[in-house]
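Residue numbers (the working numbering): 2 to 395. We treat Cβ as the ideally placed atom computed from N, Cα and C, and that holds for glycine. Beneath this line is the structure, given in structure tokens, with notes to follow.
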């Protein structure tokens, strides 16, 4: 027998590594293999219930399926739907167009690079964010329809603006209300459980039911809100200071005029969501070590200084988590404005979610899918930004 054959044959068992299935049978899996194995059922479930619908909607967004024109089938149209959403006819560029928003974009670039040089953000990510902001704020926002021109879909831009307003106002409002509620619920008291139960009630109520309830409260003729204003004498004051077009003999036309309807829906969303924010912040407050407050008190810190120097910094992770969930739910706002006004008066309160719903009901499946993809991209971008912010400040 040749010597080299003997050497290979004799050394092969020493270098033989058991395969995955052999390790599985003997229970000798590595930590990585065991982790993958335990995660596999969840990953397969997510692939079925999430990945497939996302890919299906993405496919539909690139095709022109319309249920009222079945003879056309689902022709491939590429990015035609997205071009209609984001572009228009006879577009011209102007350096002064939307200068306020564009200035905010460039200030954002400065902030990103300050964070990068302080080590809070990777320079590669800072470069990517800066490039995106230059494209959006520096170039895209400079375009507007010229003479005889128009945006491809003005209805989309109206829905985008009202959604943006509801995000900023309702998220800020829910934190302004939720933080004091969390602080009150955290006070040591024999009846503190009652306050915590009260926090659960708005959050536990179905959103559509909340919308219908507040639609009755804001009803202009026999609603509770106008009735209270009449009883305390504010109706006469409103007649003096408000536009006559938005107020009648029985009170303010809350749901029949543009500005009052926006205010009513915003207040409804804040009432509904502030308890959710308060519950998350309450959990964060209870995780703070009480000895820190005792040490701050011994050092002579006032109540405000304890809140500003101890509570708020340690509450930052909870604030970030609440901010992510609230922003994502605000982007998808549908139930309250639909239950209260059906998106009216006119299309004043037609959010992006409601526009997708109405477009799908109009049987324009491809265009509704393109809207959904755009909403998904916005949500994903905001989530990534928040997560980077959380981990960069850990």
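Rounded C-alpha distance that separates residue i from residue j
i: residue 117; j: residue 270; result: 36 Å
i: residue 122; j: residue 113; result: 8 Å
i: residue 259; j: residue 342; result: 10 Å
i: residue 46; j: residue 39; result: 13 Å
i: residue 366; j: residue 375; result: 14 Å
i: residue 140; j: residue 97; result: 11 Å
i: residue 156; j: residue 323; result: 31 Å
i: residue 310; j: residue 100; result: 37 Å
i: residue 136; j: residue 336; result: 34 Å
i: residue 385; j: residue 42; result: 25 Å
i: residue 180; j: residue 279; result: 6 Å
i: residue 345; j: residue 166; result: 16 Å
i: residue 331; j: residue 354; result: 10 Å
i: residue 313; j: residue 388; result: 19 Å
i: residue 254; j: residue 104; result: 37 Å
i: residue 54; j: residue 378; result: 15 Å
i: residue 257; j: residue 115; result: 47 Å
i: residue 215; j: residue 160; result: 22 Å
i: residue 240; j: residue 120; result: 57 Å
i: residue 71; j: residue 84; result: 23 Å
i: residue 211; j: residue 175; result: 16 Å
i: residue 107; j: residue 128; result: 13 Å
Residue range of the unbroken alpha helix (DSSP H) whose run includes residue i
i: residue 178; result: 155-186
i: residue 292; result: 291-299
i: residue 338; result: 336-342
i: residue 304; result: 304-307
i: residue 353; result: 353-362
Which of helix, strand or coil DSSP assigns to residue i
i: residue 240; result: helix
i: residue 318; result: helix
i: residue 367; result: helix
i: residue 42; result: helix
i: residue 373; result: helix
i: residue 123; result: coil
i: residue 131; result: helix
i: residue 349; result: coil
Bounding residues of the beta strand (DSSP E) (the contiguous stretch that carries residue i)
i: residue 144; result: 144-152
Cβ separation of residue i and residue j, assumed to be a contact under 8 Å, to the nearest whole Å
i: residue 236; j: residue 252; result: 6 Å
i: residue 316; j: residue 286; result: 7 Å
i: residue 350; j: residue 266; result: 6 Å
i: residue 134; j: residue 110; result: 5 Å
i: residue 146; j: residue 90; result: 7 Å
i: residue 209; j: residue 200; result: That pair is no contact at about 21 Å.
i: residue 373; j: residue 58; result: 5 Å
Worksheet item: Could you give the uninterrupted runs of the alpha helix (DSSP H) lying entirely in the region 189-272, keeping only those of 4 residues or more?
Response: 193-205, 208-218, 225-232, 235-242
Item to complete: Please go through the region 51-102 and give each complete beta strand (DSSP E) segment of 3 or more residues, from N-terminal end onward.
Response: 89-94
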